[in-house]
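I have placed the structure first, in the form of structure tokens, so that the comments after it can refer back to it.
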Amino acid sequence: MGATSSQPVDVRVTDRKSLIKELCLRRKDYEAEQHRYAIEDVMPKKPASRTEEWLHKAATKDPTICKGGENSQVFMESGMLPLVVSFLFGGALIRCFEVCPLWFVIYYKTLDQIFSKIDLGFKQYYGKSLTLEYARTDWSPVHVAEAGIRIDRILIARVRSDHVGHCTKVAYEFNYKTGQLAEEGNEQADPAREPYECSFKFDTLQKGRSRSFWIHKDICRFHGDETRVAATQNITPVLVDDRIEIAVNLFNAMGLIDVDKVRWRPLEIFPVQARECPIEQELFDWYDLDSFQSQSVERLQIPDFFSPQLTHVSTEYAGIDVAVSRTRLRAEAQGVVPQADRILGSRFEVLPRNSPIILPLKRVGLQHDRFTKIQLRQGDSILLYISQGGKMT
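Take the sequence shown: its position 179, counted from the start at 1, is 166 in the numbering used here, and no numbers get skipped.
Given below as structure tokens:
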């Protein structure tokens, strides 16, 4: 089948939080119930003189005329709430979303206002090659000894054809937010303080091609995989008109990011290279199951667990102390892959061959970043590596 034109994708409703917001607004216009200064109650007419204009401006700060609907509070006024949010950022802010639908909608809208600078900067730097279609705020738990949380600004952009056949690097720099006095002291002591950097890379391929990428699941005895999530290819292959998700991390265990100091860096372009799983550099001779089982003490099996969505094509084995299987899977039937979440720790979904898909990018240097759904098209292929065995020390 030939490639068709890009199909419209409603990227606004791609996660649970966006869906909750949409459903709340369908039920009721909660934004209209947010506290605001009701100037019309004290000055129903437009000011006709400079004195009346001065009184009009003064009235906008009168707390007695700041009114809102049920469950709305005075501190939720649009000019006040961003200051409140900056103090609540983290777990306390997430609790505010759980109070009622009105609080969910208003706080969500406030976050959009606070982070609009990030969205605008992205458009200015990358608007010619990456079309920003939607931006939202997301939060998820961090699996550490104590309950933690991370908050991200998710930018969903459509990849255009400007850099087909090249690897593209998108990066931004940032600093963490500190107290005003401490921050001023640090700047005086070290005016040349270098900011942190986060970057993402992806390969842009011609529209209509089938994608291929690798996944590695390590279940060796000598260490534990605490996340239970398979590692995926670091540089994601993307087709023209696909959507990519870029997560600008705003809050983590290190603290809160200073939004005013987020700076996007110019786009960088590199030649496309073969993307090979690092484990391939340690293995050379691959055998079929019968040949390899005779020289291994491990109980091996062909990992054909994902049909009919992902059909098994072939499996080979290599290794000495650690047995490694290399399985080629091909996306065939549409739908969610039932066993993927249990075995690989990620959700997989197969979409029609010509359907645009949304691909979350992983930050350069990380084995695991955000735990998100992975979308495939019919005809895409996966190289699944599974490492097992090893001796306990």
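Glycine is no exception: its CB is placed at the ideal position from the N, C-alpha and C atoms.
These numbers were taken from a predicted model, which means no experiment stands behind them.
Taking the Cβ atoms as the reference, ALA310 lies roughly 22 Å from GLN220, outside the contact range of under 8 Å.
A straight line joining the alpha-carbon of PRO224 with that of HIS22 spans about 46 Å. Considering only ILE136, ILE330 and TYR95, the residue with the shortest C-alpha distance to GLY78 is ILE136. Residue state for PRO265 is assigned as helix, using DSSP reduced to three classes. In this structure the stretch 5 to 21 lies against the stretch 55 to 63, because at least three pairs of beta carbons, one per stretch, are closer than 8 Å. In the three-state reduction of the DSSP assignment, ALA320 falls in the coil class, being assigned neither a helical nor a strand state. Within the same chain, and ignoring the five residues on either side of CYS11 in sequence, the residues whose Cβ sits closer than 7 Å to its Cβ are TYR17, PRO88, PHE91 and VAL92. Taking the Cα of GLY108 as reference, the smallest distance to any Cα among SER197, ILE222, LEU254 and THR314 is reached at LEU254. For TRP90, the uninterrupted alpha helix (DSSP H) segment begins and ends at 88 to 101. Residue pairing of GLY376 in beta bridges, as defined by DSSP: CYS207 and VAL309.
Taking 3 residues as the minimum length, the beta strand (DSSP E) runs contained wholly in the stretch 216 to 288 are 223 to 226, 230 to 239 and 255 to 258, in order along the chain.
Residue range 327 to 331 is occupied by the alpha helix (DSSP H) that includes ASP328. Contact annotation, SER333 with VAL216: C-beta distance approximately 6 Å; criterion of less than 8 Å satisfied. As computed with DSSP, SER127 is found in a beta bridge with ARG137.
Taking TYR372 as reference, the option from SER5, GLU285, GLN296 and ILE202 with the minimal CA-CA separation is ILE202. Here the stretch 284 to 295 does not lie against the stretch 352 to 363, with fewer than 3 beta-carbon pairs under 8 Å apart. A straight line joining the alpha-carbon of SER281 with that of ALA305 spans about 12 Å. Shown here, ASP190 sits in a strand according to DSSP, grouped into three states. Scanning its chain for C-beta atoms nearer than 7 Å, with the 5 sequence neighbours on each side dropped, one finds around ARG196 the residues LEU226, in chain order.
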